[in-house]
Amino acid sequence: MSLATSGLVIRPKQDCRWDLVSLGEVMLRFDPGEERIARTRNFRVWEGGGEYNVARGLCRCFGQRTSIVTALADNPVGRLLEDLMLQGGVDLSHLRWSEYDGIGNASRNGVYFLERGFGSRAALGMMDRGHTPISQLKPGQIDWDAIFSGEGVRWFHTGGVLCALSADAPEVAREAMQSARRHGVVVSYDCNYRPSLWKSYGGRQGACNVNRELAPFVDVLFGHEGDIAATLCEASSGPPWHNLESYSAMAERVTNEFPNIKFIATTTRRPRTANRNDWAAFAWTEGKVYQSIDFLDLEIYDRVGGGDSFAAGLIYGLMEDRGMQWSLDCGVAHGALAMTTPGDSSMSTLAEVERTMQGGSAGVQR
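Counting from 1482, one number per residue, gives the positions in the sequence shown under this note's numbering.
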């Protein structure tokens, strides 16, 4: 018997091999630590990618069975990424390997550099992800029906970062979404807008066009402040949603046009400095807006991946039928904890998340 929660019908766990499958790019992140990219002599490396981070968080923190559909060039960097992902626990049976030509003319693995920022100095990221194998993925190359029906999947997740990688990427996402819906799989989509990625594909307007084309196949919509309005409602920067009334108006506008969207979740971040942020979230479902617990003046160690960890926590709550408020608070607490550790991914446990949700102190745990 399927689980029904907040208008979503989620397939039974026992009927599926995977709780969640993500589609997205995984890159090697170079982290200069407390130094700057242009001045450091040492980097620490992590694996990272928006859609992958959600699958990893669900696996490592929440004990869910997750898999990633992605592609890598078969060289030592690709094998390093494979090893990092294996440590993250995400299944790699849907990882496609691309032959490496020795210098990267045909395909190469994506990397990015990120310095954390401090005080008045903002965090700085630089991507180097052209000609990657997943950006060359074409419609028809993945047997989505075999994954969603043959193996069985409860939830499918992808987003705007994947769709900005190439002219074909939105069509790959579309065929995956359509297959997921045919087989009763919940579909979530993160509206994440990255100006550097969309620059070659129409900027804000290009993102808006793609998101509107994919919106009819989405059940759960994620996005940062203004991203949903700016890349779905109109191609201009929307205001942050600071209150229930304005958020409700935005959600109703979106769902009136796309009634298939059952749930909208949005993080709110108000930076005081690069390492001190106010952090919270809103969610809308069935005509009602929910507001999360607040983390005011949250100390940030590494802000990248907070939104992905939020999505992982919220999805976990919905899949476990823990209720709307619990799910939203779980997502926000998980995102807050993820930003206290280095790297893109969560290093937290469910017990730590639940303790944070309950207002636990930062005192030493013995």
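Just so it is clear, CB atoms sit at the ideal spot from N, CA and C, and this is done for glycine as well.
query                                                                                                                                         : result
Which stretch, first to last residue, makes up the beta strand (DSSP E) that contains residue 1746?                                           : 1744-1754
Quick one: what's got a C-beta closer than 6 Å to residue 1498's C-beta in the same chain, skipping five residues either side?                : 1632 and 1633
Tell me which same chain residues have a C-beta within less than 7 Å of the C-beta of residue 1821, skipping the five on either side of it?   : 1782
Assuming residue 1567 contacts residue 1551 under a Cβ cut-off of 8 Å, what Cβ separation, rounded to an integer in Å, is found between them? : Wrong, their Cβ atoms sit about 13 Å apart, outside the cutoff.
Three-state secondary structure (DSSP) at residue 1835?                                                                                       : helix
What's the call for residue 1596, buried or exposed, on a 16-neighbour Cβ count within 10 Å?                                                  : buried
Tell me the rounded alpha-carbon separation between residue 1678 and residue 1833.                                                            : 35 Å
Would you list the residues sitting across from residue 1593 in a DSSP beta bridge?                                                           : 1510 and 1608
Can you check which of these residues, 1615, 1838, 1670 and 1801, is closest to residue 1813 by C-alpha distance?                             : 1838
Just tell me which of 1676, 1521 and 1612 has its CA closest to the CA of residue 1642.                                                       : 1676
What does residue 1688 pair with, by DSSP beta-bridge criteria?                                                                               : According to DSSP, residue 1688 bridges with nothing at all.
Taking C-beta to C-beta, are residue 1661 and residue 1625 nearer than 9 Å?                                                                   : yes
For a test of the three-state rule: what should DSSP assign to residue 1718, helix, strand or coil?                                           : At residue 1718 the pLDDT is 46, less than 50, meaning the model places this residue with poor confidence and gives no usable figure here.
Indicate whether residue 1496 and residue 1545 have their beta-carbon atoms separated by less than 9 Å.                                       : no
Taking the alpha carbon of residue 1574 as the point to measure from, which residue in 1606, 1553 and 1759 has its own alpha carbon closest?  : 1553
Measure the CB-CB distance between residue 1791 and residue 1816 and report whether it falls below 9 Å.                                       : yes
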